[in-house]
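Reading through the structure tokens given below for one structure.
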Amino acid sequence: MSTIQTTLVLAMSADGKITPTDPKAPSNSYPVDQAHLEYQVSLADLIIVGAGTIRAEEITYTIKNPELLAARKVRGQSPQPITCVVSRSLELAPTLPFFSQEVERWIFTTRTSLERNSDTTTLSKVADLIDLGDTDLDWDKAYSLLEERGIRKVIALGGGSLTATLLQAGRIDDWWLTIWPVIYGGRDALTPVEGEGFIPYDAPNLQLIETRQNGNELFLHYRILKK
32 MSTIQTTLVL AMSADGKITP TDPKAPSNSY PVDQAHLEYQ VSLADLIIVG AGTIRAEEIT
92 YTIKNPELLA ARKVRGQSPQ PITCVVSRSL ELAPTLPFFS QEVERWIFTT RTSLERNSDT
152 TTLSKVADLI DLGDTDLDWD KAYSLLEERG IRKVIALGGG SLTATLLQAG RIDDWWLTIW
212 PVIYGGRDAL TPVEGEGFIP YDAPNLQLIE TRQNGNELFL HYRILKK
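Under this note's numbering, think of the first position of the sequence shown as 32, with each following residue one higher.
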């Protein structure tokens, strides 16, 4: 049984979208949700994020609140959590601003991608490239490695494909879900959990353990019920 606690932190519109149809469009501002996200990230030893999110946003999330930074120092944590990007293809341009940020970077990938990618040498200078299997990622191996490296608290930030993968692998322990008071719509707009989906009797079940309301924003805290 893993000693690592993995918390999923995501926000969505009232109609279940994590981005508008055009993900590059200016987004709504929700300061309370941003403060909530920053607090949750501040607890982490490592944040895990999909390559698509890094390609879209070009940077990783960093803590700026001086009180949260001070609390990390008291707990003996690094100023910023490690950012671990999950990329089966290793299609990450070394020129992304992410690779210049003052954070420790890991990339979970496959042996096939490491052998085929022409930027491997360049990427290895700015991130720890970690082989987790020939063509598919072995999450048992991943979590064993995290434990070996002293990781105890992981915050997963999506996107939807990574969330689906972690749920399928049984690695999410709890989920903080913020519901924004807005409707995005759009057939192709992304949702919190993508992938192939779950059939009802095999779908992850949740236990609601906490609710908070701040203005028109709703914060739901679920425990993932283990089968």
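Note that the Cβ used here is the ideal one computed from N, Cα and C, for glycine as well.
Of Glu225, Ile230, Gly228, Thr209, the smallest CA-CA separation from His252 is found for Thr209.
Pro223 is a Cβ neighbour of Ile49, given a cutoff of 9 angstroms. When the alpha-carbon of Val134 is set against those of Gln199, Glu225, Leu145, Ile113, the nearest one is in Ile113. Going by C-alpha positions, Pro231 is about 15 angstroms away from Ala195. Going by C-alpha positions, Gly217 is about 43 angstroms away from Lys104.
Judged by DSSP in its simplified three-state form, Lys184 adopts strand. Where Gln65 is concerned, the enclosing alpha helix (DSSP H) starts and stops at 62-73. Residue range 97-105 is occupied by the alpha helix (DSSP H) that includes Val105. Taking the CA atoms as reference points, Ile79 sits about 17 angstroms from Glu122.
In the three-state reduction of the DSSP assignment, Ser149 falls in the coil class, being assigned neither a helical nor a strand state.
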